[in-house]
Amino acid sequence: MKTAAALLAWVLLTPAAWGAELSAEGDPDFDSFEAAPSTSAAPAPKKVFDPLIGYNRVMFVFNDKFYFWLAKPLCKGYGYVVPEPGRKAVKRAFHNLYFPLRFVNNLLQLKLKGCATETGRFVVNSTVGIGGLFDPAEHWLKWQPRNEDFGQTFGHYGVGDGFPLVLPILGQSNLRDGVGMGLNFLVNPVNYLADFEDGFAVAAGERFNYLSLHLGEYESIKKDALDPYTFIRDGYKEMRKKEISE
Numbered sequence: 482m483k484t485a486a487a488l489l490a491w492v493l494l495t496p497a498a499w500g501a502e503l504s505a506e507g508d509p510d511f512d513s514f515e516a517a518p519s520t521s522a523a524p525a526p527k528k529v530f531d532p533l534i535g536y537n538r539v540m541f542v543f544n545d546k547f548y549f550w551l552a553k554p555l556c557k558g559y560g561y562v563v564p565e566p567g568r569k570a571v572k573r574a575f576h577n578l579y580f581p582l583r584f585v586n587n588l589l590q591l592k593l594k595g596c597a598t599e600t601g602r603f604v605v606n607s608t609v610g611i612g613g614l615f616d617p618a619e620h621w622l623k624w625q626p627r628n629e630d631f632g633q634t635f636g637h638y639g640v641g642d643g644f645p646l647v648l649p650i651l652g653q654s655n656l657r658d659g660v661g662m663g664l665n666f667l668v669n670p671v672n673y674l675a676d677f678e679d680g681f682a683v684a685a686g687e688r689f690n691y692l693s694l695h696l697g698e699y700e701s702i703k704k705d706a707l708d709p710y711t712f713i714r715d716g717y718k719e720m721r722k723k724e725i726s727e
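Be aware that the sequence shown starts at 482, since it is given in the numbering used here, and climbs by one per residue.
Shown next as C-alpha cells:
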C-alpha cells in the first residue's frame with residue numbers, strides 16, 4: 482500500500498503540472514497565462530530553440546490525457562468530500578510549511594527584505610494562524626509572500642533556461658527549472674517529516690488538494706490556442722521570465 486501511495490505521490494509531487502503553487506491564495510502563474518495575448522491577434526512568434534520538440538509533443542499529449550482521465554476525476558471526487566474552506570486551509574498550511582524554500586532562495590538572491598518578510602509571515606501564521614491554516618500575516622499585516630525557487634535563483638544569476646522540457650506528469654518546464662526542481666525537492670521540509678514513502682504520500686495529498694481548487698484553469702488556458710503545446714510552452718517561458726525579473 483505504501484509503495485502504491487509513493488508512486489502516486491511521485492506523479493503528483495511538484496506544482497509544474499498545473500502551475501507552481503507558491504502563493505497562499507492567488508495564483509500568478511495562471512494569471513500570467515491568461516493574460517497572454519490572444520493567439521488569433523498575436524504577431525508572428527519568435528523561433529524557439531526546441532530540440533526535443535518531438536518528445537515534448539508526445540509527452541504533452543500524455544500529460545493531457547493523464548489530467549483528464551485520472552487526475553481531474555479524482556480531484557473532483559475529493560472536492561465533493563472536503564468543503565472548499567477546508568481545502569483552502571490545507572493549501573495555506575502547506576504554503577506555510579514550504580517557508581524554507583522561499584527563505585533560502587530569497588537569501589541566495591540577497592533579497593534581504595524578502596527574507597525578513599518570509600520569516601515574519603512564518604512566525605505569525607504558524608502561531609496566530611494555527612500552523613498556517615489561516616494567513617493573518619497577509620490579511621491583517623499586508624505581508625505578501627515573496628515567492629522564490631531555485632529555478633528563479635539560477636535565472637537571477639544569469640543562467641539561461643536552456644531548452645523547453647515537458648516532464649512526465651509534472652508538465653511544462655525547461656532545462657534550468659528541471660535542475661532547480663531537484664533542489665526544490667531537497668529543501669522541501671515534507672521530505673524530512675517522515676520516511677521516504679510517507680513523505681511522498683503527504684505530497685500526493687497536497688497536490689490533490691491544490692488541483693481540486695483549480696479545476697478548469699488548465700482548460701481555460703488551452704481552449705482558444707491553435708496549438709496548445711506551443712501556446713503553453715511560450716506562456717511558461719514568459720511567465721518564468723517575469724518571475725525572475727521581479
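The beta carbon of each residue, even a glycine, is placed where N, CA and C say it ideally should be.
As the structure is a computational prediction, the values presented were derived from the model and not from experiment.
Span separating the alpha-carbon of residue 668 from that of residue 637: Position 187 of the sequence shown, counted from the first residue, corresponds to residue 668. Position 156 of the sequence shown, counted from the first residue, corresponds to residue 637. Looking at the two C-alpha atoms, the distance is approximately 19 Å.
Would you tell me roughly how many angstroms separate the C-alpha atoms of residue 609 and residue 715, rounded to the nearest one? Position 128 of the sequence shown holds residue 609. Position 234 of the sequence shown holds residue 715. Whole-angstrom Cα-Cα distance: 41 Å.
Separation of residue 601 from residue 624, as counted between CA atoms: Numbered from 1 along the sequence shown, position 143 holds the residue referred to as residue 624. Numbered from 1 along the sequence shown, position 120 holds the residue referred to as residue 601. Approximately 8 Å, taken between the alpha carbons.
With a floor of 4 residues, list each alpha helix (DSSP H) that falls wholly inside the region 578 to 643, ordered by position along the chain. 580 to 589, 593 to 608, 617 to 620 and 631 to 637
Please say whether residue 606 and residue 613 have beta carbons closer to each other than 8 Å? Within the sequence shown, numbered from 1, the residue matching residue 613 stands at position 132. Within the sequence shown, numbered from 1, the residue matching residue 606 stands at position 125. Cβ distance < 8 Å, so residue 613 and residue 606 count as in contact.
In three-state DSSP terms, what is residue 669? By 1-based counting over the sequence shown, the position of residue 669 is 188. Reduced to three states, the DSSP call for residue 669 is coil.
Is DSSP giving residue 674 helix, strand or coil here? Stepping through the sequence shown from its first residue, residue 674 is reached at position 193. Correct three-state label for residue 674: coil.
Mapping the DSSP letters down to three states, classify residue 529 as helix, strand or coil. As a position in the sequence shown, residue 529 is number 48, starting the count at 1. Here residue 529 sits in coil by DSSP.
Under 8 Å, do residue 572 and residue 691 count as touching if we go by C-beta distance? On the sequence shown, position 91 is the one that residue 572 refers to. On the sequence shown, position 210 is the one that residue 691 refers to. For residue 572 and residue 691, yes; Cβs fall inside 8 Å.
Going straight from the alpha carbon of residue 658 to that of residue 642, what length do you get? Here residue 658 is taken as the residue at index 177 of the sequence shown, counted from 1. Here residue 642 is taken as the residue at index 161 of the sequence shown, counted from 1. Rounded to whole angstroms, residue 658 to residue 642 spans 7 Å at the Cα level.
Spatial neighbours of residue 724 within its chain, please: C-beta separation below 7 Å, excluding the five flanking residues on both sides. Locating residue 724 in the sequence shown gives position 243, counting from the first residue. Excluding residues within five positions, the ones whose Cβ falls inside 7 Å are 633.
Among the residues of its own chain, which have a CB less than 8 Å from the CB of residue 537, if the five just before and after it don't count? Start at 1 with the first residue of the sequence shown, and residue 537 comes out as number 56. Counting only Cβ-Cβ distances below 8 Å, and skipping sequence neighbours, we find 531, 645, 646, 647, 710 and 714.
Could you give the DSSP three-state label for residue 699: helix, strand or coil? Here residue 699 refers to the residue found at position 218 when the sequence shown is read from its first residue. Here residue 699 sits in helix by DSSP.
Straight-line gap, residue 703 to residue 712 (C-alpha atoms, nearest Å): Translated into positions along the sequence shown, residue 703 becomes position 222. Translated into positions along the sequence shown, residue 712 becomes position 231. Cα-Cα distance, rounded: 8 Å.
Whole-number beta carbon distance between residue 630 and residue 661, since they are thought to touch under 8 Å: For the purposes of this step, residue 661 is taken as residue 180 along the sequence shown, with counting starting at 1. For the purposes of this step, residue 630 is taken as residue 149 along the sequence shown, with counting starting at 1. Contact holds; Cβ gap of about 6 Å.
Which same chain residues end up closer than 7 Å to residue 670 when comparing Cβ atoms and leaving out the 5 residues on each side of it in sequence? Position 189 of the sequence shown, counting from 1, holds the residue named residue 670. Counting only Cβ-Cβ distances below 7 Å, and skipping sequence neighbours, we find 578 and 581.
How many whole angstroms separate the CB atoms of residue 559 and residue 681, which I take to be in contact at a CB cut-off of 8 Å? The residue labelled residue 559 in the question sits at position 78 within the sequence shown. The residue labelled residue 681 in the question sits at position 200 within the sequence shown. The beta-carbon distance between residue 559 and residue 681, rounded to whole angstroms, is 18 Å. This is too long to meet the 8 Å contact definition.
CA-to-CA distance, residue 562 to residue 694, given in whole angstroms: For the purposes of this step, residue 694 is identified with residue 213 of the sequence shown, where counting begins at 1. For the purposes of this step, residue 562 is identified with residue 81 of the sequence shown, where counting begins at 1. Note on geometry: alpha-carbon atoms of residue 694 and residue 562 lie some 13 Å from one another.
Are residue 544 and residue 652 touching if we call contact CB-CB under 8 Å? Translated into the one-based positions of the sequence shown, residue 544 becomes position 63. Translated into the one-based positions of the sequence shown, residue 652 becomes position 171. Cβ atoms of residue 544 and residue 652: closer than 8 Å.
If you draw a straight line from the C-alpha of residue 666 to the C-alpha of residue 575, how long is it? Sequence index remark: in the sequence shown, residue 666 carries index 185 (1-based). Sequence index remark: in the sequence shown, residue 575 carries index 94 (1-based). Taking the straight line from one Cα to the other gives about 14 Å.
Roughly how many angstroms lie between the CA atoms of residue 541 and residue 699, to the nearest whole one? By 1-based counting over the sequence shown, the position of residue 541 is 60. By 1-based counting over the sequence shown, the position of residue 699 is 218. Residue 541 and residue 699: Cα-Cα distance of roughly 13 Å.
Is the distance from the Cβ of residue 615 to the Cβ of residue 599 below 8 Å? To locate residue 615, count along the sequence shown from 1; it is residue 134. To locate residue 599, count along the sequence shown from 1; it is residue 118. Result no, Cβ atoms of residue 615 and residue 599 do not sit closer than 8 Å.
Taking the beta carbon of residue 548 as the centre, do at least 16 other beta carbons fall within 10 Å, making it buried, or is it exposed? Your numbering for residue 548 matches position 67 in the sequence shown. The residue in question, residue 548, is buried, as its Cβ has 16 or more Cβ neighbours within 10 Å.
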